[in-house]
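Asks: Provided herewith is a single structure, encoded as structure tokens, for subsequent inquiry.
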Amino acid sequence: MFTYFRFIRPFLKSSICSLMIMVTVMAFSAKAEELVWDVGVTHDTISGVFNHWKIMTPESGNVNNKFYVLVDNHYIVMGGLYNSLTDGEKGTLGNNLVVVSGDKPLTVLTVIGSGGYVGNPTNGPFISGDVTTNNNTVIVNNAYIGTAKHDLLCEIFGAEVLIHGYGTAIANNSTLIINNVEADYIIGSFVKYYNYDDTYKDYYKAEAKYNNVFIADSKVKQIIAGGMIDYATYAEATHNTVTLKGDVKVVKLYGGRVGINSFALEQPPVWFDDFTGNLLNVIATGTTGIEVTKTVSGFERYRFLFDADAPGAAVGLLAKGTIYLNDWREDEYYGRSAVIESVDFLAGQVPKVGTQVVLMQADAIDDTNFTQTEAYGMSGINLEVNYGLSVGLGNPSWKLIATVNGVRAHPQMESPSQGRNAGLAFVTTGLGPVVKGINGRPAGPDPGACPGMFFEAEAGSMRYGYTAGYDLNSYMGALGLNCGGEVGPGNLALGGYVDFAYGEYESSAALGGRRVEGRGDLERIGGGLMARYDLDPKTVRDMGLEASLRFGQLRQNYTSEDFINAENDARFNTESLYVGGHVGVSGKAWSSETSRIDVYGRYSHVWLQGDRATVDGSAPVNFEDSSSMAARAGARLTKDFTPRLRLKLGLAYEQEFGGETKATTNGYRIPTVSSAGGTGVAELGLAYGGDEPRRLSVGLGLEGHAGRRQGLAGNLSLSLAF
């Protein structure tokens, strides 16, 4: 599946409208009125404001129209209209949606999200007026913009403002989505001034900013621009985004454009900026690339996505004129150069070192002060590619070439490994209820009869790591039976159990200079065998030996919304077997009539089977087998308040070894994630019950963890001897 999400995110919310096939024209004003137009009937102007050239006051100027058309031979299709012939008027409109869409080529002369006009260009007075029109959306599919009846320019504008005098013109945040269209001009927002008067030069102020223009498989006979201003004393056509995909042909291509003397005006602008923040996204398909007849300029930032059969097969941007990689403003250089932000490949393509990609090819590339020698990009979501950049005379023209210098797993792929490591930690925590179950029932028939039953429940919330890592909440239980008897110089208890658990985790880390967060659910079901041997106190002073064997299956999922280039949320699911076990020893270090101190030590090992997963449907990840080993030593004080009520206090230290999650993607190593480290543990418990046969014992406990693992865990213990 082709992935363009990184480039066209701003357009996705509106693109659902782009496939509509309508047989009527509907326009909704603030009063929710509706017009229906007959198919095939010629109209001069169709507008969301029903009275042609209606003068709108600021109170009535906030238009929110939704407007769909599939009718040929219209002069103008316009979502909202403001027109003032009165000096000093202020108009505000915007938030219009205009869709021209069908299953055959349509003939429409001009499509405008909303238009704001002050004065009359031919015989009106020289007047002032302020116009603001923001947040308009225009979607055009399968249309020929132009008719044989009108010898006029054929245009698609998100917004158009014409002032026949002076004033402030704000036309920002337009969204254009254009597919299979032929037109003269396609511009995010367009501002024109007429009748310049030097007396009022400080009042010619215009903005055409933050527009998003997406064009696919279209022919534009004049200009594509993110924002364009035709004369102003103060002008900003900045922070516009133009995205071109597939077979796009255009004469001139601008991120921002401020014209000078376009209408024989003698005074040049005093200050303007048509370079800052403007972005060109090139999505090159096949081998054609984007074709420009003359000029490319006004872009501070460039991004390329090669959607080709093989890396290096396409030319991204092909111009027969000049491509300006700098801030030229009408033959004056302002000292700033463009930046190649990224060079990306279709998901599944793995560029080889040495592959050359032609980003730009032109009769001339003006690279004055362009000193960038390296660029980075991605293949899908999982690989990062490093390029060397060079500008030189090729055959037959100048070229900007990116040469693959290296490929590695993208840093964001560490986030799935964090999630997988949370699964390993989740399996490791399952040892806790097993150990408590082994030690919760005395071995042998005296005290305690055979068989015995125990149930252990535990819930915990842990943080693994410090500034980077994951939070793990787990809920687990173990139910088992054991039977004991006298064997040699002591008592032996053997048992079996089943355990089950559910968990949730959230991971967060600064990866590749930004924060990537993931989350998921965990399920574990398994069982095992256990044994405990208590030596006769007369032989060895209250020493006990214990061991267990565990096995089961872990099911896990992962989701993240933070992946660059992901078409949807990045996800994976895994199912893996696990095997584990432990050995331990304990003994009495000191005792009195009502108190005792026991010391203990144990070693545990868990092995988790590796698995293969696919993240976002296109990024393969191979999780290797992983293991966690831990050694724990501690001491526990038991205080008897009554023969049946006991308080337990303990301190322990645990050192985890291994705990590593290793993975690869397309053969490239993902950074290893590890839960290894030292953790201090403090225990507090209360137990009630006796040692006589058929006696029920109940225990409650709380553990606090600090160090590599931080958090709290509580447990409930029940044991019954028959």
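Going by our numbering, the first residue of the sequence shown is number 788, and it counts up by one from there.
We put the beta carbon where it would ideally sit given N, CA and C, even for glycine.
Since we're looking at a predicted model, the values are computed, not measured.
Spatial neighbours of Val-1079 within its chain, please: C-beta separation below 6 Å, excluding the five flanking residues on both sides.
Replies: Result list for Val-1079: Val-1037, Leu-1040 and Ala-1106, in chain order.
Asks: Answer yes if the segment 1295–1304 comes into contact with the segment 1341–1351, meaning at least three C-beta pairs across the two stretches below 8 Å, and no otherwise.
Replies: The segment 1341–1351, when compared against the segment 1295–1304, does touch it at the 8 Å Cβ threshold.
Asks: Shortest alpha-carbon distance to Leu-1187 belongs to which of Asp-1150, Ile-1070 and Met-1200?
Replies: Residue Asp-1150 is the option with its Cα nearest to Leu-1187.
Asks: I'd like to confirm the pairing. Which residues does DSSP put opposite Thr-924 in its beta bridges?
Replies: Leu-884 and Thr-962.
Asks: Does Val-1144 come out as helix, strand or coil in the three-state DSSP assignment?
Replies: DSSP places Val-1144 in strand when its eight states are reduced to three.
Asks: Asn-1260 and Glu-1310: beta carbons closer than 7 Å?
Replies: Cβ distance not < 7 Å, so Asn-1260 and Glu-1310 don't count as in contact.
Asks: Is it the case that the Cβ atoms of Asn-1068 and Gly-1043 are separated by a distance below 7 Å?
Replies: Contact flag unset, no.
Asks: Less than 7 Å between the beta carbons of Arg-1090 and Ile-1225, yes or no?
Replies: No, the Cβ-Cβ distance between Arg-1090 and Ile-1225 is not below 7 Å.
Asks: Exposed or buried, Asp-1385, counting other C-beta atoms within 10 Å across all chains shown (16 or more means buried)?
Replies: The residue is buried, with at least 16 neighbouring Cβ atoms inside 10 Å.
Asks: Is Ala-1209 helix, strand or coil when you go by DSSP?
Replies: Note: Ala-1209 maps to helix in three-state DSSP.
Asks: Within 10 Å of its beta-carbon, does Ala-1297 have 16 or more other beta-carbons around it, so buried, or fewer, so exposed?
Replies: So Ala-1297 counts as exposed.
Asks: Put Asp-985 into one of helix, strand or coil per three-state DSSP.
Replies: Asp-985: helix per DSSP, three-state reduction.
Asks: Can you find the residues in the same chain that come closer than 6 Å, C-beta to C-beta, to Ala-1244, ignoring five residues on each side of it along the sequence?
Replies: These residues qualify, in order along the chain: Gly-1264 and Leu-1503.
Asks: Can you round the beta-carbon distance between Val-968 and Val-927 to whole angstroms, since I take them to be within the 8 Å contact cut?
Replies: Right, their Cβ atoms sit about 5 Å apart.
Asks: DSSP three-state call for Glu-1490: helix, strand or coil?
Replies: DSSP places Glu-1490 in strand when its eight states are reduced to three.
Asks: For a test of the three-state rule: what should DSSP assign to Asn-1226, helix, strand or coil?
Replies: Helix, per DSSP.
Asks: How should Glu-1362 be labelled, buried or exposed, when 16 other C-beta atoms within 10 angstroms of its C-beta is the threshold for buried?
Replies: Burial call: exposed.
Asks: Go to Met-1200, then tell me how far its beta strand (DSSP E) extends in each direction, as first and last residue.
Replies: No beta strand (DSSP E) holds Met-1200; DSSP gives it neither H nor E.
Asks: Could you tell me which residues DSSP pairs with Phe-1059 in its beta bridges?
Replies: Answer is Ala-1022, bridged to Phe-1059.
Asks: Kindly give me the distance between the Cβ atoms of Tyr-953 and Gln-1009, rounded to whole angstroms, as I take these residues to be in contact under 8 Å.
Replies: With a Cβ gap of about 27 Å, Tyr-953 and Gln-1009 do not count as contacting.
Asks: Excluding five sequence neighbours on each side, which residues of the same chain lie with their C-beta closer than 7 Å to the C-beta of Asp-1329?
Replies: Result list for Asp-1329: Gly-1374 and Lys-1375, in chain order.
Asks: Identify whether Arg-1496 lies in helix, strand or coil by the three-state DSSP scheme.
Replies: Of the three classes helix, strand and coil, the one that applies to Arg-1496 here is strand, per DSSP.
Asks: If you draw a straight line from the C-alpha of Ser-1129 to the C-alpha of Leu-1341, how long is it?
Replies: Cα-Cα distance, rounded: 39 Å.
Asks: For a test of the three-state rule: what should DSSP assign to Tyr-869, helix, strand or coil?
Replies: It is a strand residue.
Asks: Let's see if you can read the secondary structure: which residues bound the beta strand (DSSP E) around Thr-1452?
Replies: Counting along the chain, the beta strand (DSSP E) containing Thr-1452 begins and ends at 1447–1452.
Asks: How would you label Thr-1028, buried or exposed, when you count the other beta carbons within 10 angstroms and need 16 or more for buried?
Replies: When all chains shown are included, Thr-1028 counts as buried.
Asks: Please state whether DSSP places Arg-1238 in a helix, a strand or coil.
Replies: Reading the sequence as shown, one finds Pro at residue 1238 and not Arg. Of the three classes helix, strand and coil, the one that applies to Pro-1238 here is coil, per DSSP.
Asks: Specify, as a first and last residue, the run of the beta strand (DSSP E) that Ala-1376 falls within.
Replies: Looking at the DSSP string, the run of the beta strand (DSSP E) that includes Ala-1376 is 1357–1378.
Asks: Residues bridged to Arg-1311 by DSSP?
Replies: Its beta-bridge partners are Ala-1288 and Leu-1341.
Asks: From which residue to which residue does the beta strand (DSSP E) around Ala-1162 run?
Replies: Run containing Ala-1162: 1161–1166, per the beta strand (DSSP E) assignment.
Asks: Name the DSSP bridge partner or partners of Gln-1442?
Replies: DSSP output for Gln-1442 lists Ala-1418 and Gly-1465 as bridge partner(s).
Asks: Taking the beta strand (DSSP E) that Tyr-1041 falls in, what are its first and last residues?
Replies: Residues 1036–1046.
Asks: Report buried or exposed for Asn-1048, applying the criterion of at least 16 other Cβ atoms within 10 angstroms of its Cβ.
Replies: Confidence at Asn-1048 is low in this model, with a pLDDT of 48, below 50, so its placement is unreliable and the value that follows should be read with caution. When all chains shown are included, Asn-1048 counts as exposed.
Asks: What three-state label does DSSP hand Tyr-997 in the structure shown?
Replies: Here Tyr-997 sits in coil by DSSP.
Asks: Short of 8 Å in beta carbon distance, which residues of its chain neighbour Glu-1293, apart from the five on each side in sequence? Order them along the chain.
Replies: If we look at Glu-1293 and ignore the five residues flanking it on each side, its Cβ neighbours are Tyr-1257, Asp-1258, Glu-1304, Gly-1305 and Arg-1306.
Asks: Does the distance from the CB of Met-1240 to the CB of Leu-1507 come in under 7 Å?
Replies: Contact: yes.
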